[in-house]
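Some notes on the structure that comes next.
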Amino acid sequence: MRYGPNRLIFNSAAALRDIHQNPKVTKSRLYLFSLNDGVPFIFNSLDRIVHLRKRKIIGPALSERSMRLFEPTLAEQMDIFLKQLLAAHSSPINLTERCRRLAMDVVGHLAFGFPLDLQTKDEHYYVLSGFSIANFRINSYMNFPFLSKLGLDHLFNRSPFRRKLRSVVQKMITTRLAQDRKETPDFYSIVMDNLETKSVNFQRSELFTESLFFISAGGDTVSTAMASLFFYLSRNKHCYNKLSNEIRTTFKSGNEIRSGPQLARCGYLRACIDETLRMSPPIGGTLWREQSNQEDGEPFVVDGHVIPRGTHVGVNIYSIHHNEKYFPEPFTFKPERWLNRDGKQVAPEAAVVVPSDAQTAFTPFSVGARSCVGKPMAYLESSLLVAKTLWYFDFEKCRGSRSEIGSGKEGARGGRGRVSEFQLYDVITSRHDGPYLTFVPRGDYCEELQ
Ligand code: HEM
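With our numbering applied, the sequence shown corresponds to residues 918 to 1367, in that order.
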């Protein structure tokens, strides 16, 4: 599709490969709209060497090993989430709200061992609003660059949310600086020796800008995945039953639910997460790319089309995830599509061994050198949250006026009319609301939580 005078959007697995697994392609200049006071960070570094250096520094903070060290903190935050469900005494809970608070608290701890305490207090609530506004701004400029010339930044920069957000991130860093380096195995302890901190204005230092992005990337995405997963389970009874049966027969107690072979054996859980990420990708837009300045004399070809230099190209994640060629009945939530005939889960990584159409077109974390570095954390956090919730509670759609919040509206135009789809609004990450669910404790299992 021709999206603009020099923009092309593709909808094929071949394009995904030709664009994202191609060393002569770089992120497009449109990403420069996301610079933070002119300072680049991992997300918008166009130069391959600059990006590689940052990735080598930041990657280890999110490795499987780091996740194992971080897991007790993750579990503590999940206990708070579960206790809040218990305290609600079966009154409706907005999962968007609860998951956003949880995910941001988790990433605050992961980044700097800092308690934002959003799950229990409102003191730092502006962090959530601040990131929403910042992402809305970047997304608007990337899609409609002329908006950046209207002087709107004057308004964005004056937003009290922006100011407060930046000052709390600064406070998180300075609080952490005052502690022993090894006290907490967090992002800071891993990157501190290698990220620049000496800028005259600290908010323009590499450590500050990378931290700001890290918190947004880790908080704003997993929360969408978790809220969407609750939405689809509450609307698809047979999936809910199958998954709760898997969790309740695999583990013997709620405390046993942690990373390891038992959790890895929960193939239906992984299939539900992958199906959620397919149906409602937290980053669902087009990740713009272009040919780098490197000249090798060869044309740049995407899915058989020669692309003129300077053209922005991309595969739209939402569109390819709903392309019938790869995903029959694309608007139906079917975790079974990720299972083998014998019911075993086929991890997308298995695509290397058993390529299937679905696996080659599944790209919620993007692919190639610029793909998401937080993928292990995203799977761990969403797996643990849903497994633990299903261990301690039964849940369903609430009754009354709030029951359909999050769904499309019957009769509405286009995608907004899809009642069985969790509605996401693209701001690079996603805005959403609901679902509102009620949670009933299972037997006396919740005594463990008190
Ligand atoms: C379900 C959850 C998540 C999804 C769907 C997701 C998706 C993505 C996508 C699509 C990109 C590529 C963006 C682009 O090309 O412009 C990306 C990059 C990135 N993500 Fe995630 N992400 C998730 C969770 C996380 C978490 C938990 C963290 C860290 C705590 C994280 C950190 C990053 C970083 C640092 C990058 C930049 C990587 C680079 O450019 O080398 N993400 N993510």
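The beta carbon of each residue, even a glycine, is placed where N, CA and C say it ideally should be. For clarity, every value in this text was computed on a predicted model and none was experimentally measured.
Ends of the alpha helix (DSSP H) at residue i?
i, result
"Tyr1157", "1154-1167"
"Asp1070", "1070-1075"
"Lys971", "965-975"
"Arg1187", "1184-1196"
"Val1108", "1104-1108"
"Gln1208", "From DSSP, Gln1208 is part of no alpha helix (DSSP H) but of the beta strand (DSSP E) over 1206-1208."
"His1238", "1234-1238"
"Gln1179", "1178-1181"
"Ala1278", "1274-1278"
Can you look up residue i in the DSSP assignment and give me helix, strand or coil?
i, result
"Gly1025", "helix"
"Leu991", "helix"
"Glu981", "helix"
"Tyr1042", "coil"
"Arg919", "strand"
"Ile936", "helix"
"Leu1307", "helix"
"Gln1096", "coil"
"Ala1268", "In this prediction, Ala1268 has a pLDDT of 37, which is less than 50 and means its spatial position is unreliable; what the coordinates show is noted afterwards. DSSP places Ala1268 in helix when its eight states are reduced to three."
"Phe1356", "strand"
"Thr1346", "strand"
"Thr943", "strand"
"Lys1060", "Residue identity check: residue 1060 is Asn in the sequence provided, not Lys. Residue state, collapsed to three classes: helix."
"Leu1124", "helix"
"Leu1256", "strand"
"Gly1231", "strand"
"Thr1013", "helix"
"Asn1052", "helix"
"Thr1091", "helix"
"Val1284", "coil"
"Val1219", "strand"
"Asn953", "strand"
"Thr1141", "helix"
Following the continuous beta strand (DSSP E) through residue i, name the residue where it begins and the one where it ends.
i, result
"Ile926", "924-927"
"Lys1419", "For residue 1419 there is no data in the structure shown, the boundaries of the chain being 918 and 1367."
For residue i and residue j, which I take to be in contact (beta-carbon distance under 8 Å), what is that distance rounded to the nearest angstrom?
i, j, result
"Ala1028", "Ser1128", "6 Å"
"Leu1354", "Leu999", "The pair is not a contact, with the Cβ atoms about 14 Å apart (cut-off 8 Å)."
"Pro1252", "Glu1192", "4 Å"
"Gly1285", "Tyr1235", "The Cβ separation is near 19 Å, so there is no contact."
"Lys1305", "Gly1136", "That belief does not hold up - the Cβ atoms of Lys1305 and Gly1136 are roughly 19 Å apart, past 8 Å."
"Leu1045", "Ile1090", "Not confirmed; about 19 Å, so no contact."
"Leu979", "Pro1293", "6 Å"
"Ile1111", "Ile974", "In the sequence on display, residue 1111 carries Asn and not Ile. 4 Å between Cβ atoms; contact."
Around the Cβ of residue i, are there at least 16 other Cβ atoms within 10 angstroms (buried) or fewer (exposed)?
i, result
"Ala1267", "Unreliable placement is indicated for Ala1267, whose pLDDT of 43 sits below 50; the coordinate value is still reported in the next sentence. Burial call: exposed."
"Ala1181", "exposed"
"Asn961", "buried"
"Gly1351", "buried"
"Gly1323", "buried"
"Ala1004", "exposed"
"Leu933", "buried"
"Asn1158", "exposed"
"Ile1190", "buried"
"Ile1237", "buried"
"Asp1103", "buried"
"His1006", "exposed"
"Val1230", "buried"
"Gln938", "exposed"
"Lys1326", "exposed"
"His1071", "exposed"
"Val1270", "Here the model assigns Val1270 a pLDDT of 36, short of 50, so the residue's position is not dependable, and the following value carries that caveat. It is exposed - the Cβ of Val1270 has fewer than 16 other Cβ atoms within 10 Å."
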